[in-house]
Amino acid sequence: MTFSKIAVAACLLFLIAVTWPILMPQAGKSSPTLVLYGFSILEEAVSSGILPTFQKRWKERTGQEVRFYTSFAGSGTVMNQIRFGAPADIALFSHTLDAYRLKEAGLIQHDWTTAPHQGIINRTPIILIVRKGNPKGLSRFQDLRQPGVGIV
């Protein structure tokens, strides 16, 4: 199984785990609707891959159509939109700090860390690229604070 298939499967499992309690009370309705806010880098993968696949599987399992309204922006912007009243059923952040801020504000009542993979659907590697030969000997993020080191 390729990494992309594993990633899509993990995202689907996460969405099912998170949305199942939200959707089940609406079982009598023909078309449940969920509002998803996410950080912008995931927009294409979520909109063109994950959500259509989720909708197809939901229909196969329940016979219901499920609709999604989505909004994507920077993770901090998404957190602030929700904190100030945007009606979100699902939120996808680029880091856990935004989720903890919503929890501290009393807007999250459940523990997302009990979901598969502690509620994390992806990890983004961060890479340091240095000049040929690495003349400053940079190997850790702390090294970026050295005098004479610039960040592009």
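0 is the number of the first residue of the sequence shown in numbering that gives the first Met the number 0; add one for each residue after it. Built from N, CA and C at the ideal position, the CB exists for glycine as well.
- Message: Suppose you measure from the CA of Lys58 to the CA of Pro86; what does that come to, to the nearest Å?
- Response: Spanning the two alpha carbons is a distance of roughly 24 Å.
- Query: How is Gln25 classed by DSSP in three states: helix, strand or coil?
  - Reply: Low confidence applies to Gln25: its pLDDT is 49, below 50, so where it sits in the model is not reliable, and the reading given next is rough at best. The answer is helix: DSSP assigns Gln25 an H, G or I state.
- By the 10 Å Cβ neighbour count, where 16 or more other Cβ atoms means buried, how is Ile126 classified, buried or exposed? exposed
- Any idea if Ile150 is buried or exposed, counting beta-carbon neighbours within 10 angstroms, 16 or more meaning buried? By the 10 Å Cβ count, Ile150 comes out exposed.
- Would you check if the distance between the CB atom of Phe38 and the CB atom of Gly84 is smaller than 8 Å? Cβ atoms of Phe38 and Gly84: not closer than 8 Å.
- Query: When DSSP builds the beta bridges, which residues end up paired with Gly37?
  - Reply: Phe71 and Leu91
- Query: If Pro31 and Val65 are in contact, beta carbons under 8 Å, what's the gap, nearest whole angstrom?
  - Reply: 5 Å
- Item | Tyr36 burial status per 10 Å Cβ neighbour count (16 or more: buried) | Its Cβ being crowded by 16 or more others within 10 Å, Tyr36 is buried.
- Cβ-based burial, Leu41 [other Cβ within 10 Å; buried from 16]: buried
- Message: Please return the same chain residues whose Cβ sits closer than 8 Å to the Cβ of Val148, not counting the five positions on each side in sequence.
- Response: Lys135, Leu137 and Asp142
- Could you give the distance in angstroms between the alpha-carbon of Gly62 and the alpha-carbon of Thr52? Spanning the two alpha carbons is a distance of roughly 14 Å.
- Query: According to DSSP, is Thr32 helix, strand or coil?
  - Reply: Here Thr32 sits in strand by DSSP.
- Spatial neighbours of Gln145 in its chain, beta-carbon cut-off 7 Å, leaving aside the 5 residues before and after: Lys135.
- Outcome for Ile128 when other beta-carbon atoms lying within 10 angstroms are tallied against a minimum of 16: exposed
- Taking the continuous alpha helix (DSSP H) assigned at Arg56, which residues delimit it? Leu50 to Thr61
- Could you name the residues of the same chain whose beta carbon sits closer than 8 Å to that of Ile81, not counting the 5 residues immediately before and after it, in chain order? Tyr36, Ala87, Ala90, Leu101 and Leu106
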